[in-house]
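Student:
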Amino acid sequence: MTNLDAPLYPPAKAYDPPRRLPRILSSRETPIAILQSNPAAWAIVNKQIPGMDRRIGNEMIKPHLGNFSLESLLVFGVVQREPLARIDAELARLGEVM
0 MTNLDAPLYP
10 PAKAYDPPRR
20 LPRILSSRET
30 PIAILQSNPA
40 AWAIVNKQIP
50 GMDRRIGNEM
60 IKPHLGNFSL
70 ESLLVFGVVQ
80 REPLARIDAE
90 LARLGEVM
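Under numbering that gives the first Met the number 0, the first residue of the sequence shown carries the number 0, and numbering increases by one thereafter.
This is how it looks when you write it as structure tokens:
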């Protein structure tokens with residue numbers, strides 16, 4: 000029989016909590032929930048896609064707003080491709096955001 004002692008791990012010397020890094024928002028990579036949390040970004044979306052709040056107010060879509068980007072909604076017919084390029088251009092002008 001072998002001795003199967005669990006390894007001992009020393010305590011961490013310091014804890015660095017996770018932090019958000021600045022990034023450029025986009026219709027392809029940024030989850031809709033993140034866009035909604037930034038008033039300037041969400042104003043851009045609503046300007047280019049009027050009624051966006053109503054379009055994503057469906058109870059089947061709401062739980063997924065933290066995962067879906069605007070571009071991912073193309074397959075569902077919720078948005079069209081044309082406004083996404085305009086949205087990306089305006090979001091880029093916001094610069095890096097947290």
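All C-beta atoms in this analysis are idealised placements derived from N, C-alpha and C, irrespective of residue type, glycine included.
From a predicted model like this one, the values you see are computed outputs, not experimental measurements.
Determine the contact status of SER68 and SER26, defining contact as a CB-CB distance below 9 angstroms.
Tutor: yes
Student: Per DSSP, what kind of secondary structure is PRO30 in: helix, strand or coil?
Tutor: strand
Student: Among the residues of its own chain, which have a CB less than 8 angstroms from the CB of ASP52, if the five just before and after it don't count?
Tutor: ASN45
Student: If LEU24 sits next to LEU93, beta carbons under 8 angstroms apart, how far is it from one beta carbon to the other, in whole angstroms?
Tutor: With 8 angstroms as the limit, LEU24 and LEU93 qualify as a contact, their Cβ atoms being about 7 angstroms apart.
Student: Name the DSSP bridge partner or partners of ASP92?
Tutor: Just to set this straight, residue 92 is Arg in the shown sequence, not Asp. Note: ARG92 sits in no beta bridge, so no partner.
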